[in-house]
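With the sequence shown counted from 1, adding 55 to any position gets you the working numbering.
Only one structure is covered here, and it is reproduced in the block below.
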Amino acid sequence: MKNILTRLNLPGFLLLAITLGFVPIAASAQEAASGHGTLLVTNEDGKTVRRQFSFSARRSADGSVKGNAVLHNPAFEGANGNKYQLQISISCMNVIGNVAFFGGTTRRTNDPNLVGTVFFSVEDNGEPGRNADRISEVFFTTGNPDPQICEDFPSGFFPTFPIESGNISIRD
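As structure tokens, then:
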């Protein structure tokens, strides 16, 4: 009797083991990065102001990346005389350890001179209060190359600066 039960349950156990074995692999393939925070910068008058940012991006099971980023930088004014603002549609994400590179296109801005393909990077240095997370400046390119070239950027490609407050999280 014991032998019959073992033979009957063996396929079920194998199916369960295979199924459970594949679930974590599929879940870990879903890279994501998000964050928000403040970076202290100096404006044209020599005053320290707070550059604020937020971003979120996720890689889908098919490998495509979707996300967005928002930047408010009072260190300079856009063409309309208001503090600089930028919204980015993220379509590329390259995660290398605790660093993520992003590529995307300008969705909205108040400076018509700063449009097109945009790149930036972030660094996740653990929980807030330990080592400060870091973010790069935003880089605009001439000729509007494909944002997907962010996949080719090596670690350390963009200089980064410590954020004053906030948190950056990279999950791979």
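All residues carry an ideal CB built from backbone N, CA and C; glycine is no exception.
Starting from residue i, follow the beta strand (DSSP E) in both directions and report where the run begins and ends.
i	result
GLY221	220-226
ILE143	138-151
THR103	103-114
VAL125	120-132
PRO217	215-217
So, at 7 Å on beta carbons, what are the nonlocal neighbours of residue i in its own chain, with the 5 sequence-adjacent residues on each side left out?
i	result
ASN153	GLU178, ASP179, ASN180 and ILE225
GLY76	Low local confidence applies: a pLDDT of 39 at GLY76 is under 50, so the model's placement there is unreliable, with the coordinate-based value given in what follows. If we look at GLY76 and ignore the five residues flanking it on each side, it has no Cβ neighbours.
PRO214	SER191
ALA187	ASN180, PRO217 and ILE218
ASP201	none
Throw me the rounded Cβ distance for the residue i and residue j pair, which I believe falls under 8 Å.
i	j	result
GLY158	CYS147	3 Å
PHE195	GLY171	6 Å
ILE151	SER210	5 Å
Using a Cβ-Cβ cut-off of 8 Å (strictly less than) and excluding sequence neighbours within five positions of residue i, which residues of its own chain qualify?
i	result
LYS208	Here residue 208 turns out to be Phe, not Lys, going by the sequence shown. Here the set comprises ASN149, PHE156, PHE174 and SER176.
ASN137	ASN165
PRO167	ALA134
THR97	THR103, VAL104 and ALA130
VAL78	Because VAL78 carries a pLDDT of 36, less than 50, the predicted location of this residue cannot be relied on, and the following value inherits that uncertainty. Correct list: empty, nothing qualifies.
PHE212	PHE156 and SER176
Leaving out five residues on either side along the sequence, give the residues of the same chain with a beta carbon under 6 Å from the beta carbon of residue i.
i	result
ARG113	ALA87
GLN107	THR93 and HIS127
PRO183	ASN222
VAL125	SER109 and GLN142
At the level of alpha carbons, what is the spacing between residue i and residue j?
i	j	result
GLN142	ASN199	16 Å
PHE131	GLY118	37 Å
SER220	ALA116	32 Å
ASN123	ARG189	18 Å
ILE80	ASP227	Low confidence applies here, because ILE80 scores a pLDDT of 35, under 50, leaving its location unreliable; read the following figure in that light. Approximately 11 Å, taken between the alpha carbons.
LYS121	TYR139	24 Å
GLY90	ARG185	16 Å
ASN128	CYS205	23 Å
ASP100	LEU169	22 Å
SER144	GLN203	12 Å
THR197	THR161	13 Å
> What runs of the beta strand (DSSP E), each 3 residues or longer, lie entirely inside the region 165-210?
Replying inline: 172-178 and 189-191
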